[in-house]
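Q: One structure is given below, represented as structure tokens, and several questions about it will come after.
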Ligand code: PLP
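Residue numbers (my numbering): 402 to 783.
Take a look at the structure:
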């Protein structure tokens, strides 16, 4: 048995989702852009999926566009808004996912776009007063990009409040909602925002499929040139199985959301308590031990008296536990976490992100605590 505690990196595919996708790998293979019956069956599956997602998010299907995932959706929102509306200034934070951060850095370097990073408090929360001061003084067209829940520490930003400020000062607002999509009920009738995004594999859907919501007050330039797919916004034959799968996954996520939130919060609370009892000097990074201010699926901890993060993860892996040192997207690089660095977390401690899903059990946590105790008592890596 292996214990999987890396659900912020990716979640297992739901069997019902797989079943919904199978007919589109086999008998329903037509090109959705063909006018014959084979094509029309597939076209109708795509449009039904779009409608399903739009209904769940309380918006119109004309505002949902399928993409290859979170990274592409974030890139699309930022690059195409800059291009279309001649944005001269971006406001963001230094703890965004690299899909946003690297895009902004490249826009600054190559396109001379001004970038301001909003102050964070000690726990890594956005200072909304600084944001408002920036918004009052901005000149030209500006864009705010602030994530909903941080993928490493789980900190939640009140995007409704940020959205209201952006509206007041007539500034575009994009939020990377990859970690909250499917775990938090987004209501786009109420939320004043221009762009939010989703990625299938973060809520038990397939990998390589995502979507972007574009508020229909905006008409941004197409992202991928080619055919007229996705109403001219993204050329290329659609990832049909992915589209059917992501819609099914979101439907399941919404139908079980309250129950899963309750169960996963219980698991998280249990792990916090067990860790504190077992390792009295343990710290929690960001606000990840707060059940209100951090996403219930993420717990980022800092173990004392420990030299090498990678070795700790390696020992956990040997003990059949999969966890992570931070964002999965940086796991191939030698660099540490940019989020923990900004928060001045001591890199000499063992900083591990545990992340949960509807499949995580109390037994998984007990097993993990037992193995952590074994690893630390042996001090193999000192
Ligand atoms: N944004 C956040 C906050 C994420 O956690 C991730 C994935 O780790 C992404 C963007 C990228 O999503 P995708 O893997 O679908 O490209």
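Using N, Cα and C, we set each Cβ at its ideal position, and we do this for glycine too.
Since the model is a prediction, treat every value here as computed from it, not as a measurement.
#1: Pull up the CB-CB distance for residue 638 and residue 429, whole angstroms please, since I reckon it's below 8 Å.
#2: Which same chain residues, not among the five before or five after residue 442, have their C-beta less than 6 Å away from its C-beta?
#3: Cβ atoms of residue 651 and residue 669: under 8 Å apart, would you say?
#4: If you follow the beta strand (DSSP E) that residue 401 is part of, which residue opens it and which one closes it?
#5: Check whether the Cβ of residue 504 sits closer than 7 Å to any heavy atom of the ligand PLP, and report yes or no.
#6: Grab me the residues of residue 539's own chain with a C-beta within less than 8 Å of its C-beta, minus the 5 sequence neighbours each way, in chain order.
#7: Relative to the C-alpha of residue 469, which residue among 440, 676, 647, 611 is closest?
#8: Tell whether a beta-carbon distance below 8 Å holds between residue 448 and residue 653.
#9: Do residue 593 and residue 601 count as a contact pair if the criterion is CB distance below 8 Å?
#10: Going by DSSP in three states, residue 613 sits in which element: helix, strand or coil?
#11: Leaving out five residues before and five after residue 574 in sequence, what residues of the same chain have Cβ atoms less than 7 Å from its Cβ?
#12: Go ahead and pull the three-state DSSP assignment for residue 512.
#13: Using 7 Å as the cut-off, classify the Cβ of residue 552 as near or not near the heavy atoms of the ligand PLP, replying yes or no.
#14: Compute the minimum distance between the beta carbon of residue 587 and the heavy atoms of the ligand PLP, and state whether it is under 7 Å.
#15: Please list, in chain order, all residues of the same chain as residue 685 whose beta carbon is under 8 Å from its beta carbon, the five residues on each side excluded.
#16: Would you mind working out which of 520, 753, 533 sits nearest residue 552, comparing C-alpha positions?
A: On the basis of the data shown:
#1: For the purposes of this step, residue 638 is taken as the residue at position 237 of the chain shown. For the purposes of this step, residue 429 is taken as the residue at position 28 of the chain shown. A Cβ-Cβ distance of about 14 Å is found for the pair residue 638 and residue 429, leaving them out of contact under the 8 Å criterion.
#2: Reading the chain shown from its first residue, position 41 is the one you call residue 442. Closer than 6 Å at Cβ, skipping near neighbours: 429.
#3: What you label residue 669 is simply residue 268 of the chain shown in a count that begins at 1. What you label residue 651 is simply residue 250 of the chain shown in a count that begins at 1. Not closer than 8 Å, so no.
#4: The displayed coordinates of the chain run from 402 to 783. Any statement about residue 401 would go beyond what the structure contains.
#5: One-based indexing of the chain shown puts residue 504 at position 103. The answer is no for residue 504.
#6: Residue numbering aside, residue 539 sits at position 138 when the chain shown is read from its first letter. Result list for residue 539: 490, 492, 570, 572, in chain order.
#7: Stepping through the chain shown from its first residue, residue 469 is reached at position 68. It is 611.
#8: Counted from its first residue, the chain shown places residue 448 at position 47. Counted from its first residue, the chain shown places residue 653 at position 252. Between residue 448 and residue 653, the gap from beta carbon to beta carbon reaches 8 Å or more.
#9: Here the question's residue 601 lines up with position 200 in the chain shown. Here the question's residue 593 lines up with position 192 in the chain shown. No, the pair does not count as a contact, with Cβ atoms beyond the cut-off.
#10: Numbered from its first residue, the chain shown carries residue 613 at position 212. Three-state DSSP puts residue 613 in a strand.
#11: What you label residue 574 is simply residue 173 of the chain shown in a count that begins at 1. Once the five neighbours on either side are set aside, the close Cβ partners of residue 574 are 545, 563, 564, 567, 594, 595.
#12: By 1-based counting over the chain shown, the position of residue 512 is 111. DSSP, reduced to helix, strand and coil, places residue 512 within a helical segment of the structure shown.
#13: Along the chain shown, one-based indexing puts residue 552 at 151. Yes.
#14: For this step, residue 587 is matched to residue 186 along the chain shown. Not under cutoff, so the answer is no.
#15: Counting from 1 along the chain shown, the entry for residue 685 is found at position 284. Closer than 8 Å at Cβ, skipping near neighbours: 673, 700, 701, 702, 703.
#16: Sequence index remark: in the chain shown, residue 552 carries index 151 (1-based). Comparing Cα-Cα distances from residue 552 to each of 520, 753, 533, the minimum goes to 753.
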